[in-house]
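Next up, the structure:
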């Protein structure tokens, strides 16, 4: 049974699973295949979200972070045409033209911890910690805030990677990719 947040709640945790659907999550949680997620759902609040009109990761997560549609935050896809040119560039968090929830929470003096959220590269200066998520080119100084935590992350989790890359040259690319995904989930 879900619990609703109370007036005295001081902390909030948002767990977003890109592309996940309750059509699969509910039966898997009930069958015991997702025990930790089942525990979170039983002891917290969960609800389906409507996606953006173009339901792609770049637009959807940017809308989630800003609370506005693509027309306002400006990020529609994984790539875009460079302003004033015909060249194509990969989109990043720098292309979001609207304050994010992290900006607003930080401005209110509250602490932010964001780990592995898409389109947070380069990491924003927040009141807390940000470790960029998928679509960051690497775990480097630009992918974390404050920059000093990079060494801490590497020393505590030597095999930490932001997002498993898919290399079709591997002998068994699907098995390798799934293995990397399982490591990330653990």
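In the numbering used here, the protein residues as written are 17 to 202.
No residue lacks a Cβ here, since even glycine has one placed at the ideal position from N, Cα and C.
Presumed contact (8 Å Cβ cut-off) between residue 139 and residue 159, rounded CB distance: In the chain shown, counting from the first residue as 1, residue 139 sits at position 123. In the chain shown, counting from the first residue as 1, residue 159 sits at position 143. About 6 Å separates the beta carbons of residue 139 and residue 159, which is inside the 8 Å limit, making them a contact pair.
4 or more residues per run - each alpha helix (DSSP H) lying fully within the stretch 43 to 73: As summarised for the stretch 43 to 73, the continuous alpha helix (DSSP H) elements at least 4 residues long and confined to that stretch are 51 to 59, given in chain order.
Straight-line gap, residue 135 to residue 26 (C-alpha atoms, nearest Å): Residue 135 sits at position 119 when you count from the first residue of the chain shown. Residue 26 sits at position 10 when you count from the first residue of the chain shown. Between residue 135 and residue 26, the alpha-carbon positions lie close to 26 Å from each other.
The stretch 76 to 94 contacting the stretch 37 to 55, beta-carbon criterion three pairs below 8 Å: No: fewer than three Cβ pairs fall under 8 Å.
Neighbour-count burial assignment, residue 89, 16 or more Cβ in a 10 Å radius: Within the chain shown, numbered from 1, the residue matching residue 89 stands at position 73. Sixteen is the threshold: when 16 or more other Cβ atoms of the shown chains lie within 10 Å of the Cβ of residue 89, as they do, the residue is buried.
Status (buried if at least 16 other CB within 10 Å, exposed otherwise) for residue 151: Position 135 of the chain shown, counted from the first residue, corresponds to residue 151. Residue 151 comes out buried.
Spatial neighbours of residue 64 in its chain, beta-carbon cut-off 7 Å, leaving aside the 5 residues before and after: Locating residue 64 in the chain shown gives position 48, counting from the first residue. Sequence-distant partners of residue 64 (beyond 5 residues in either direction) whose C-beta falls short of 7 Å from its own C-beta, in its chain, are 38.
Environment of residue 75 [buried if 16+ CB atoms lie within 10 Å]: Reading the chain shown from its first residue, position 59 is the one you call residue 75. Classification of residue 75: buried, given that the 10 Å Cβ count is 16 or more.
Contacting residues, own chain, Cβ-Cβ under 8 Å from residue 169 (five flanking each side not counted): Residue 169 sits at position 153 when you count from the first residue of the chain shown. Non-local beta-carbon contacts of residue 169 in its own chain, meaning distances under 8 Å to residues more than five positions away in sequence, involve 147, 155, 160, 176 in chain order.
Contact check, residue 5 vs residue 131, beta carbons under 9 Å: Beyond the ends of the chain as shown, which are 17 and 202, falls residue 5; an answer cannot be given.
Three-state secondary structure assigned by DSSP to residue 176: Position 160 of the chain shown, counting from 1, holds the residue named residue 176. Residue state, collapsed to three classes: coil.
Residue 91, buried or exposed, once every other Cβ within 10 Å from all chains shown has been counted against 16: Taking the first residue of the chain shown as position 1, residue 91 is located at position 75. Label assigned to residue 91: buried.
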